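One line per chain: the protein sequences are A and B, in this order.
Going by the numbering used here, the residue at position 336 of the first sequence is 336; the numbering climbs one at a time, nothing skipped.
So the number in the numbering used here is just where the residue sits in the second sequence, counting from 1, plus 1000.
Even glycine gets a Cβ: it sits at the ideal position worked out from N, Cα and C.
What you are looking at is a predicted structure, and each value in this text was computed from that prediction instead of being measured.
Note sheet for the following structure.
There are 2 protein chains.
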Amino acid sequence: MTERFYCGKLTEENIGEEVLLKGWVQKRRDLGGLIFIDLRDVSGLVQIVFNPSISPDALAKADSVRSEFVIEVTGKVVAREESTINDNMETGTLEVETKELSILNKSKTPPFTLEEESDITEEIRLKYRYLDLRRKPMQETFILRHQTTQAIRNFLNREDFLEMETPMLTKSTPEGARDYLVPSRVHPGEFYALPQSPQLFKQLIMMSGFEKYYQIARCFRDEDLRADRQPEFTQIDIETSFMSKEDIMEMIERMMKQVMKEVKGLDIPTPFPRMKYDEAMERYGSDKPDTRFCMELTNISEIVQNSGFKVFRGAVESGGKVSGLNVKGKASAYSRKNIDQLTDFVKIYGAKGLAWLKAEEDSLTGPISKFLSEEEAHGIKEAMNVENGDLLLFVADKTSVVYDSLGALRLKLGKELNLIDETKFNFLWVTDWPLLEYDEDLGRYFAAHHPFTMPSPGALEKFHDAPGEMKAEAYDLVLNGYELGGGSLRIHEPSMQEKMFEALGFTKEEANEQFGFLMEALQYGAPPHGGIALGFDRFIMLLAGRDNLRDTILFPKTASASDLLTDAPSEVDESQLKELKLKLSNREVK
Amino acid sequence: MTERFYCGKLTEENIGEEVLLKGWVQKRRDLGGLIFIDLRDVSGLVQIVFNPSISPDALAKADSVRSEFVIEVTGKVVAREESTINDNMETGTLEVETKELSILNKSKTPPFTLEEESDITEEIRLKYRYLDLRRKPMQETFILRHQTTQAIRNFLNREDFLEMETPMLTKSTPEGARDYLVPSRVHPGEFYALPQSPQLFKQLIMMSGFEKYYQIARCFRDEDLRADRQPEFTQIDIETSFMSKEDIMEMIERMMKQVMKEVKGLDIPTPFPRMKYDEAMERYGSDKPDTRFCMELTNISEIVQNSGFKVFRGAVESGGKVSGLNVKGKASAYSRKNIDQLTDFVKIYGAKGLAWLKAEEDSLTGPISKFLSEEEAHGIKEAMNVENGDLLLFVADKTSVVYDSLGALRLKLGKELNLIDETKFNFLWVTDWPLLEYDEDLGRYFAAHHPFTMPSPGALEKFHDAPGEMKAEAYDLVLNGYELGGGSLRIHEPSMQEKMFEALGFTKEEANEQFGFLMEALQYGAPPHGGIALGFDRFIMLLAGRDNLRDTILFPKTASASDLLTDAPSEVDESQLKELKLKLSNREVK
C-alpha cells in the first residue's frame, strides 16, 4: 500500500514519489479539461490535479467532488511548471498527479467559506464550530495551545513537580465568586460546587507532604460574562512548600522564559521588572499596567493643592487627587470636539470631567489656563515634562476615580495613537498588594486575593487601626496589560488563619462550618507554602495575538453562557429532577 | 546560605558536606542524652542527630519536637558507626549531625501513626486524607500516577497528537448512565450536564480537521458506587481520523509497551492477544477475561444434551447450556461443605445450583455421577482434560447465568488457590462486540457501547431479523481481568447514523432534539474516525498493585459519593437556590 503523506509537508524532495493523501477539498477549479483541487489536511494544503491522460476514471469521479468533501487520493508528486507556481502556498512549487480517487464522505455546501479570515457573525461561527475550526488561524491557535501546554509541563516536570488531579465535585463556600452548583442525588437537598480554583486542595496537597504540585486545571465561575471571561476556564495551577516568595517568582520567570523560547522563539529578559501595587496605581492608574508604552500618569496634587482652579483644589482638599497624562505632540491633533469625546469616555469611569491644556509657544493654553498661577503652570510643565505641541489631560477626583478613568484613557489613547509595540511581550510583577478590600455596598472588608493569603510581616498588627493598609505576601504576573495570574504565600499557622477569618468578619461558627477542615489540617504540621495560578486561556490569547478569549477555547460559551453548537444548557426530563428532589420555582408544579 | 538537600537523596558522596534539610518528624527517639529524629520529606527519610557536644542549643529545641512537626535543620552528613547502620532505610548508612534547628510548624498528635501500612478504618483515612497521603505507599502511588501521565503524554506527543480540552458544562442526553446536572442561573429551568465522556466533542474535533486528539479527561457518572467506581474519574481519551481499527489497536499497543517500559521497567510483548467477544464469554464466562491463569470454562452441552441427568438435559433443551470448570488436583481439597459454600456463591449470580464430580480411580464420583452414561462420563473426561484428583464443577442454566456464575467462580477459585501470577501484566483485546444489547426490563435494544459506534460491515442488514446478532467495529482493552477501556470506529455517514438511532427506537424528533447538532455536523464532510478511552484510575490501580480505586485518587469520594475531608456535598444558602429558581421538593417551601 502506498504510504500516507501529509499535504502541507510535501517538499521538492518528494518529487517523483507516489503518495497517499487524505483530507478535505478546500477549493476546486476546472480548467482546460483538467480539475484542480486544493487538498487540505491538518498540516496544510497541496494542489492535486486530475488529468484525463493520467486517469480518466479519477477525473470522472472528481467531477462530483465539492468543497469540504473528504477524499483519499494516490498520485505522483511532480514539480509545477514555472508559470503555475503559487507563492502563497507553502507547497506551491508542487502538485500531485492523481491516479486514484476515493470519496470518503460528502459535504453539503458550508454556510460560510472557510477562508483564513471571514466576516461572518460569531453566532454562526459558534453554531458551526466544527467548520470554523477548520480555518487556518484556528488550527494554528490550537496547535499553539497544545505546544504551550507541553512546554509548561516539560519545564515543571524537569523541576520535579508532580502533576496531580483535584476534585471537581467540591464543597460550596460563599466567599469569592458565585459557584456553579451540582445537586446530589444520594444526599437530597445537598449540593456539590464546581471549583472556582483548586486553592484549598492544592494547600492540602502541600499538607500531604507533596512538595511541588501543578495541574492544568479547569475552573468555574458563574459570573456575568465579559469578552474576556468564560464560565469555565483553564488555569496553570502551581503550589510549592518551603519556597520563598523570591524562589517562586524566580521559578515562574524561568518557566516563562522557557515557554516563550519554545513556543514563540523569543528570548525574553529575566528577571521581570517589579512594581509595587501602590506605584502601579499611581503611575498607570492600573494594577496591571501595560508597560509597552509610556504616557504615565503624573500626580500634580501637590502643585495644585492651593490652585485658583476650584476643581483641582477641591479634589485635593477632600482627600482625592489630581493626575494628568501628557499626550506628547498631539496638541494640534485633538480638536475641542475630540476632547469632548475623551471627556465622555472618562465619565464612564465616574470622572466628572476632563480638564485639558495645550502647550503652545512655551505657554499652556486652554479654558482652565486662566485659573492657574505662573508657578502652577511651571510646576506642571516640569512635572509632566511638557514640550511645545503636547496635549495635557487631567482628572481631579477621589483617588479611585482618578486611577480608573486615567488608566482607561491611557490605554485608549495608547491604542488610538499606535503607541503600542505589538511585537513586545512585557512581563511585570506587581507586588505588595493590599490584604483586604473594603466593599462599600456590604460595609465590610473582603480578602483582596483570598482568605488564605499570608499577610506581610507585621501587617496583622494594623488589623484594628488600619485594616485597609495591611499588605499581603502576594504577587501578580502581568503581561501586556493583562493580569496573567496571581499568587501568594499562604497562611500555614492555625492561629494566624483564625485571626484572618476574624478580620473578614467570620464568626467562629461560620469559619468552622466552611473551613473547619482547613483549620484542622493546619494543626497537623502544615509546611510553609505558596504558589500561583495563571490564566491559561488568556495567556494563549496573548501568544496567538488574538483579542477574543473565545478564539482560544475549542468549544466556548457565549456571553449568556450558552453553547450554540450543542444547545446547552437545555431543559431536562422531569424524572431527572424528581430523582434530585428538585422543583423549578419558575414553573407550575405538576 | 547552606544548600537545600532532599533527605532520601543523601548518599555517601555527601559525607562531610553541610546540608540544609526541611521536612516532617517521622519519629523521635531519646537515647543517652542524644535525640534522634527520622526526618521525612517527599524523597524519603534520613536520621538526624542532636548532640550536646555539637549544638546544645539545637538539642534543647529538639526536646520540644514531636511527630509531624515541620522543621528545618542544617548539619553535617556523617557516616554512621557500623553497629548503628539501618538496613531498612535507604539512607541507613548516614546521619546528619544537627547544628541548627528551626521549628517551622507544630503538630498535634496525629489520630493514627503514619506507618507504611496501617489498619485504621478507611473512614478515618479519608477524613484525615492529608495525613494518610504522607504515608510512603500513598506517596509512591501518586508519584507513579504522575510518571504514568507523563509517559502517556510523551508517547502521544511524539505521535503528533494534539492535547485538547473539551467542555465540562455540556448538554444532558438521556442515553447512557445518569448525568450530574448543573442548573443554569442565566437560563432558569435549564441545566448543563457534566460529561460522562467527551465522546461527542472528540468526534466533533475530528470533524474540525484535527486529525489526532487526546485528553486526560475528567468524566462524571451519577451511579450507585461500587469499590471500583467513583462519581468522577479520569480517562485517557483518544480519537483519530483516517486510521483503521488495526492502526488504532497497534498504536495503543505501542503506547502501552512504552508506558510499561518507562514506568515499570517491563518489556511486555506485542501485539496483544485478541479474542472475539463470543469466545471470551464461552471460554472465560467474562467479557474481560483474566488470562493470567487457565481453568477455562468447558461447554459440555453437546455431550449431555440427552443426559439422564434432568438438570443438564433441561438446560440444553430450553436453549441454555451446561459448562464446567476443572479444578485441577483439588478433588480431595474440597469437602462437601466447601462445595456447598461454592454453591451459595454461584447462587449470587442467579445459578440454581452447582453440580460437581470428582475424578478418582479413573472414574467420576459424586451425587450426579449415577445419572451419567458411560459415554457422557467419557465425553466429559475428554473435553475437560480430566485426570485423577480433579474436581469438576458445573452450572446448567440459561447462557447468561452460566457465564456470569462460572466466570465469577473461576476468578474466586483462581484467587483462593493462588493460581494467579501477580507479577504478570496480561493485556488482551476483546473484539467483535455486539452492537446492541437487549434490556429485558424496558423491552428495547440499547447501544452496547454507545449510539455512535460503527456497525460491522453488513451488520445493519440484520437490523430487522436479528438485531441482537449485529456486531460492532469495537474493541476493548483488558488487563488482568479488568476492562481498561474500550474503543470503536464511529459512524461518519449521516444516513448510517440515522439508521442507528432508528434501531435504538428513537423517533426522528427525539434523535433530532438530542443529537441534531451531530446529525448536522456529519453532513459537512465528517472524516472516517475512531478512537478509544482508557480508565486511567484503574490503570494506575493495576500498575501500583492496589485493589482499591480510592487509593489511586488524591481526594476520592466514599461509596455514598461524599468527601469526608471537606464534607461535600453540603447544604447551600437559600439565596443560592433562589438565584437558580430552584426549590427543594423534600423541604417545606418557605
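Nearest-angstrom Cα separation, counted from K1009 of chain B out to K1022 of chain B: Position 22 of the second sequence, counting from 1, holds the residue named residue 1022 of chain B. Position 9 of the second sequence, counting from 1, holds the residue named residue 1009 of chain B. The straight-line gap from Cα to Cα measures roughly 13 Å.
N- and C-terminal bounds of the alpha helix (DSSP H) containing D340 of chain A: Taking the first residue of the first sequence as position 1, residue 340 of chain A is located at position 340. Note, D340 of chain A: alpha helix (DSSP H), 336-348.
Selected residue, minimal CA-CA separation from L1411 of chain B, among B:P1467, B:D1432, B:L1477, B:G1481: One-based indexing of the second sequence puts residue 1411 of chain B at position 411. Comparing Cα positions, the closest option is B:G1481.
Alpha-carbon to alpha-carbon, L1200 of chain B and E1502 of chain B: Reading the second sequence from its first residue, position 502 is the one you call residue 1502 of chain B. Reading the second sequence from its first residue, position 200 is the one you call residue 1200 of chain B. The straight-line gap from Cα to Cα measures roughly 19 Å.
The region 1185-1197 of chain B / the region 1168-1175 of chain B touching (three or more Cβ pairs under 8 Å): yes
Among A:V182, A:R185, A:K264, nearest to F539 of chain A - alpha-carbon criterion: Counting from one through the first sequence, the residue named residue 539 of chain A turns up at place 539. Comparing Cα-Cα distances from F539 of chain A to each of A:V182, A:R185, A:K264, the minimum goes to A:K264.
Cβ-Cβ separation, D476 of chain A to K276 of chain A (assumed contact under 8 Å), whole Å: Here the question's residue 276 of chain A lines up with position 276 in the first sequence. Here the question's residue 476 of chain A lines up with position 476 in the first sequence. No, K276 of chain A and D476 of chain A are not in contact; Cβ-Cβ is about 11 Å, not under 8 Å.
Under 8 Å from the C-beta of N142 of chain A: neighbouring residues of chain B: Mapped onto the first sequence, residue 142 of chain A falls at position 142. Strictly speaking, residue 142 of chain A in this sequence is Phe, with Asn absent from that position. The answer, in chain order, is L1162, M1164, F1210.
Cβ contact (3+ pairs, closer than 8 Å) linking the region 245-263 of chain A and the region 173-189 of chain A: no
Partner residues on chain A for V1186 of chain B, Cβ-Cβ distance less than 7 Å: By one-based count along the second sequence, residue 1186 of chain B stands at place 186. Chain A residues near V1186 of chain B: S560, A561.
C-alpha gap between K590 of chain A and E509 of chain A, whole angstroms: Taking the first residue of the first sequence as position 1, residue 590 of chain A is located at position 590. Taking the first residue of the first sequence as position 1, residue 509 of chain A is located at position 509. With a pLDDT of only 41 at K590 of chain A, under the threshold of 50, the placement of this residue in the model should not be trusted; the figure read from the coordinates follows. Their backbone Cα atoms lie some 39 Å apart in a straight line.
Near-chain E residues of the region 510-527 of chain A (beta-carbon distance less than 7 Å), N- to C-terminal order: The chain labelled as chain E is not found among the protein chains of the depicted structure, namely A and B.
Close-in-space but distant-in-sequence residues of the same chain around E1483 of chain B (CB under 7 Å, 5 per side omitted): If you number the second sequence from 1, residue 1483 of chain B lands on position 483. Cβ neighbours of E1483 of chain B beyond the five flanking positions: K1288, D1476.
From B:S1043, B:V1019, B:F1050, residue whose alpha carbon lies closest to that of L1031 of chain B: As a position in the second sequence, residue 1031 of chain B is number 31, starting the count at 1. L1031 of chain B has its Cα closest to that of B:F1050, out of B:S1043, B:V1019, B:F1050.
The region 149-160 of chain A touching the region 241-249 of chain A, judged by at least three CB pairs closer than 8 Å: no
For Y475 of chain A: DSSP bridge partner residues: One-based indexing of the first sequence puts residue 475 of chain A at position 475. Y475 of chain A pairs with A:T431, A:G487.
Reduced DSSP category for P455 of chain A - H, G, I as helix; E, B as strand; rest coil: Position 455 of the first sequence, counted from the first residue, corresponds to residue 455 of chain A. P455 of chain A falls in the strand class under three-state DSSP.
7 Å Cβ shell around L1534 of chain B - same chain, five flanking residues per side excluded: On the second sequence, residue 1534 of chain B is found 534 positions in, with the first residue counted as 1. Cβ neighbours of L1534 of chain B beyond the five flanking positions: Q1235, I1236, L1477, L1484, G1485.
Q1215 of chain B (DSSP reduced to helix, strand or coil): Against the second sequence, residue 1215 of chain B aligns to sequence position 215. Three-state DSSP puts Q1215 of chain B in a strand.
Stretch-stretch touch, CB-based, cutoff 8 Å, three pairs: the region 1372-1382 of chain B with the region 1299-1306 of chain B: yes
Nonlocal neighbours in the same chain, by C-beta distance under 6 Å from T166 of chain A, ignoring five residues either side: On the first sequence, residue 166 of chain A is found 166 positions in, with the first residue counted as 1. Within the same chain, T166 of chain A has close Cβ partners P198, F201.
Any non-hydrogen atom of the ligand NAP within 8 Å of R1229 of chain B CB: Ligands are entirely absent from the displayed structure, and the ligand NAP is therefore not among its contents.
Close beta carbons around L162 of chain A, own chain, < 8 Å, minus the five adjacent residues each side: The residue labelled residue 162 of chain A in the question sits at position 162 within the first sequence. Correct list, in chain order: F210, K212, Y213, Y214.
Chain A contact residues for E1117 of chain B, given Cβ-Cβ distances below 8 Å: The residue labelled residue 1117 of chain B in the question sits at position 117 within the second sequence. Those do not exist, as E1117 of chain B stays about 17 Å from chain A at its closest Cβ, beyond 8 Å.
S570 of chain A: contacting residues in chain B (beta-carbon distance under 8 Å): Indexing the first sequence from 1 puts residue 570 of chain A at position 570. Those are K1171, S1172, E1190, F1191, listed as they occur along chain B.
Status (buried if at least 16 other CB within 10 Å, exposed otherwise) for E239 of chain A: As a first step, residue 239 of chain A is located in the first sequence; it is residue number 239 there, counting from the start. By the 10 Å Cβ count, E239 of chain A comes out buried.
Pair within 9 Å by beta-carbon distance, P1527 of chain B and M1207 of chain B: Residue 1527 of chain B sits at position 527 when you count from the first residue of the second sequence. Residue 1207 of chain B sits at position 207 when you count from the first residue of the second sequence. Their beta carbons are under 9 Å apart, which means P1527 of chain B touches M1207 of chain B by this criterion.
Selection of the region 1054-1078 of chain B by Cβ proximity to chain A, strictly under 7 Å: E1068, F1069, V1070
Terminal residues of the alpha helix (DSSP H) in which M260 of chain A lies: As a working note, residue 260 of chain A is residue 260 in the first sequence. Its alpha helix (DSSP H) spans residues 245-264.
Bridge partners - I1103 of chain B, DSSP secondary structure assignment: Here residue 1103 of chain B refers to the residue found at position 103 of the second sequence. The partner list for I1103 of chain B (beta bridge, DSSP) reads B:I1071.
Cutoff 9 Å: S488 of chain A Cβ touching any chain B Cβ: The residue labelled residue 488 of chain A in the question sits at position 488 within the first sequence. Chain B, which has no Cβ nearer than 9 Å to the Cβ of S488 of chain A, makes this no.
Nearest-angstrom Cβ-Cβ length linking P1434 of chain B and A1472 of chain B, presumed shorter than 8 Å: Within the second sequence, the letter at position 434 stands for residue 1434 of chain B. Within the second sequence, the letter at position 472 stands for residue 1472 of chain B. Yes, they are in contact, since the Cβ atoms of P1434 of chain B and A1472 of chain B sit about 7 Å apart, within 8 Å.
Residue span of the beta strand (DSSP E) that contains E360 of chain A, given as start and end: The sequence position of residue 360 of chain A within the first sequence is 360, counting from 1. Where E360 of chain A is concerned, the enclosing beta strand (DSSP E) stretches over 355-360.
Length of the line joining the Cα atoms of A408 of chain A and K358 of chain A: The residue you call residue 408 of chain A lines up with position 408 of the first sequence. The residue you call residue 358 of chain A lines up with position 358 of the first sequence. C-alpha separation (whole angstroms): 21 Å.
Below-9 Å beta-carbon distance, E1232 of chain B vs any chain A residue: One-based indexing of the second sequence puts residue 1232 of chain B at position 232. By this cut-off, E1232 of chain B is an interface position.
The region 282-298 of chain A / the region 414-424 of chain A touching (three or more Cβ pairs under 8 Å): yes
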